[in-house]
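Structure record follows, encoded as structure tokens.
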Amino acid sequence: MLFDRKPKVRREDFYDREEELKLFLRGLEVGEGLIVVYGVRRIGKTSFVYVALNEAEVPFVPVDLRKFSESPSLLSPSSVLRLVEDALAEYDKVARVRKAVEKVLSRVESINVNGVTIRTRGSERLAAEILERFDAWARRRSTRLIVVLDEAQELRVVPSWRKILAWSLDNLENVTFVVTGSEIGVLRDFLRLDDPNSPLFGRSRLEIALPRFSRDKSIDFLKRGFLEIGLSVPREEIEDAVDKLDGIVGWLTYYGHYRASYGVSHDDALARVEGDAVELLTSELEKIVKYSPRRYVAILWAISLGLRSWSTIKRFTEGVAGPVPDKNFDRLLQNLVRYGFVEKTPNLEYRAVDPLLPKAVEKLRKKYRV
Ligand SMILES: Nc1ncnc2c1ncn2[C@@H]1O[C@H](COP(=O)(O)OP(=O)(O)O)[C@@H](O)[C@H]1O
Ligand SMILES: [Mg+2]
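Rendered as structure tokens:
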């Protein structure tokens, strides 16, 4: 069902992304060792990867690294790979990959990080040994093994990951890492693919960006979703939802879900999506806003009011939070870009990534009394 809120696993529940899927599957076929999937929050990265790997019918183990953000000591290559190795056991219990994939998915979703003790202290050699076992495991089955590092920017606190990934690319024939990230700038900083001093520099990889859906596609997505469940919804309402939710398929899905599952009106459904969005966005924003609340909130406020140029945003920020040296202001603004809350347009203007940012900003303003 298109309007199911869980990450999609099956092709028939997943709208479009034809080109990107083709590219991804081709990448697997030619044996890429590293596939990087970029895209802002709730654009469908996790779904895309699950659907693609399900189509490919290859064994894969997804690791949701956001779950680890409270326990950075578990982020070392060896601890993460040990968890992957545990999950691999599922594949040995059943003959059909598809069955195992379902089990693995449900199991990894429920990994309780707090219950996991550090069995291995971050030795790179140990990580390499585990990876060699993965490679042998895949070779025995004449397949590839895919390790999905979902929201991999969390790994930036452990730079040895770059070495491990590079080592794996050089030495293993049957293992592919799929890496996703919402905080695109942070992920790029972590991987340092274009930095000659980085171990990953110059290594072959496939990079796939998932853009927002165009207005037409967003409308078509909602239409199909409603058709699928036999609910007739006026075109004006669909267009209004698309205008307000701006091509972010996650929010469109939530909108459809509320209309379909609770039979609420257009306005109510939009209000509920906004409620969810505000809660999620504020908690995500707070992770960085807390370091300089007045200034960050002022910048976000300016952007949510539609101010676009560096200097008008700065002037507004200073009006709210007092004088800020150019350099400091720029660092804060660029951080918002790196973390994927604000985007810089080709003509060097700044705009909110998420159409629901203004509501989140209202909440942050109350909280921090800005
Ligand atoms: N192409 C798609 N077709 C249908 N639903 C989608 C699609 N992409 C994402 N979704 C839905 O949007 C929401 C966010 O997707 P998710 O894969 O979690 O995004 P991300 O990992 O980028 O944050 C989920 O409810 C998911 O089911
Ligand atoms: Mg995701």
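Count along the sequence shown starting at 1, add 1355, and that's the number in the working numbering.
Using N, Cα and C, we set each Cβ at its ideal position, and we do this for glycine too.
Exercise for review: Answer with buried or exposed for Ala1491, where buried requires no fewer than 16 other C-beta atoms within 10 angstroms of its C-beta.
Suggested key: exposed
Check your understanding: By the 10 Å Cβ neighbour count, where 16 or more other Cβ atoms means buried, how is Lys1400 classified, buried or exposed?
Key -> buried
Check your understanding: Is any heavy atom in ligand 1 found nearer than 6 Å to the beta carbon of Ser1402?
Key -> yes
Review point. When every heavy atom of ligand 1 is checked, does at least one fall within less than 6 Å of the C-beta of Ile1584?
Key: no
Check your understanding: Apart from the five residues on each side of it in sequence, which residues of its chain come closer than 6 Å, Cβ to Cβ, to His1612?
Key -> Phe1358 and Arg1360
Practice item. Measure from the alpha carbon of Ile1726 to the alpha carbon of each residue in Val1395, Asp1550 and Arg1365, then state which is nearest. Key: Since the first and last residues shown for the chain are 1356 and 1725, residue 1726 lies out of range.
Point to revise | alpha helix (DSSP H) segment containing Ala1707, residue limits | key: Counting along the chain, Ala1707 falls outside any alpha helix (DSSP H), though it belongs to the beta strand (DSSP E) covering Tyr1705 to Ala1707.
Check your understanding: What separation, rounded to the nearest whole angstrom, lies between the Cα atoms of Leu1527 and Ser1497?
Key -> 14 Å
Review point. Where does Lys1718 fall in DSSP's three states?
Key: helix
Exercise for review: Go through its chain and collect everything with a Cβ distance to Ser1465's Cβ below 6 Å, but skip five positions before and after it.
Suggested key: At Ser1465, the pLDDT of 47 sits below 50, so the modelled position is not reliable; the number obtained from the coordinates is stated separately. Closer than 6 Å at the Cβ level, and outside the excluded window around Ser1465, lies no residue.
Review point. Can you find a heavy atom of ligand 3 that lies under 6 Å from the Cβ of Pro1362?
Key: By its list of ligands, the structure shown excludes ligand 3, since it contains just ligand 1 and ligand 2.
Check your understanding: If you count every other CB in all the chains shown that lies within 10 Å of the CB of Asp1622, and 16 or more means buried, which is it?
Key -> exposed
Exercise for review: Within 10 angstroms of the Cβ of Asp1447, are there 16 or more other Cβ atoms? Answer buried if so, exposed if not.
Suggested key: exposed
Review point. Where do the N-terminal and C-terminal ends of the alpha helix (DSSP H) with Leu1640 fall, by residue?
Key: His1621 to Val1644
Exercise for review: Taking only beta-carbon positions, decide if Glu1583 is within less than 7 Å of chain C.
Suggested key: Absent here is chain C; the protein component of the structure consists of one chain.
Exercise for review: Answer with buried or exposed for Glu1341, where buried requires no fewer than 16 other C-beta atoms within 10 angstroms of its C-beta.
Suggested key: Beyond the ends of the chain as shown, which are 1356 and 1725, falls residue 1341; an answer cannot be given.
Exercise for review: Measure the Cβ-Cβ separation of Val1503 and Pro1566 and say whether it is below 7 Å.
Suggested key: no
Exercise for review: Check each candidate in Leu1711, Arg1499 and Pro1680 and name the one with the smallest Cα separation from Ser1659.
Suggested key: Leu1711
**Study point:** Cα-Cα separation between Val1302 and Leu1378, rounded to whole angstroms
**Key:** Outside the displayed range of the chain (1356 to 1725) lies residue 1302, so it cannot be described from this structure.
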